[in-house]
Amino acid sequence: QAPQRKMVVAKSGPDNVEVDETLNALERARHFGNSKLSLQRLVYVNELVDCAHEIGYEATVNHLLPLVKKLASDAEVLVRQSLLGHFGDVAGFLIQADPDRGYQTVVDDLLPLVSGLLTERQGEVRQGAAEALTTLASHLRPGERGDQVLK
Numbered sequence: 001q002a003p004q005r006k007m008v009v010a011k012s013g014p015d016n017v018e019v020d021e022t023l024n025a026l027e028r029a030r031h032f033g034n035s036k037l038s039l040q041r042l043v044y045v046n047e048l049v050d051c052a053h054e055i056g057y058e059a060t061v062n063h064l065l066p067l068v069k070k071l072a073s074d075a076e077v078l079v080r081q082s083l084l085g086h087f088g089d090v091a092g093f094l095i096q097a098d099p100d101r102g103y104q105t106v107v108d109d110l111l112p113l114v115s116g117l118l119t120e121r122q123g124e125v126r127q128g129a130a131e132a133l134t135t136l137a138s139h140l141r142p143g144e145r146g147d148q149v150l151k
């Protein structure tokens, strides 16, 4: 049996962040997305779209979106702000992977998260939410944009 390989993702003082390279994309997402360390949650956010492409539509909806919902209320501003920056690509993936169900997932799951963050205390997050809302609106059917965005 080959020895387990480890990679150092980042050094944060005495708490080096190491992850077993043999973890698959979904295992990495679960590990990083549920971490107590904000740096690891940020790694998850930055790998979100690549992970979605790797694991496919069903696993994304069943496993990644619950983490996305959780991280939308993360204690760290940078995690919430970074997450919002990826919503357009997540929406694009969902709609491309399954046009009907993906579209409905964007409307039912992503839009409410973004709308909720428009009232965030932190200005950077509010700004990110406004930009994400504009991006998500571009993924919506033209006749539904006003109704969905202004809910």
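Numbering-wise, UniProt numbering puts 56 at position 56 of the sequence shown, and it's gapless, one number per residue. Backbone N, C-alpha and C fix where the C-beta goes; we use that ideal spot for every residue, glycine too.
**Q.** Where the alpha helix (DSSP H) through N46 begins and ends
**A.** S38 to I55
Q. Nearest to E54 by alpha carbon, out of N24, R30 and N46?
A. N24
Q | Secondary structure, alpha helix (DSSP H): runs of 4+ residues fully inside the region 57-116 | A | 65-71, 77-97 and 99-105
Q: Work out the CA separation of D74 and G88 for me, nearest whole Å.
A: 19 Å
Q: Report the residue from Q122, A72 and I95 whose alpha carbon sits nearest the alpha carbon of Y57.
A: I95
Q. Is G123 buried or exposed, if buried means 16 or more other CB atoms sit within 10 Å of its CB?
A. exposed
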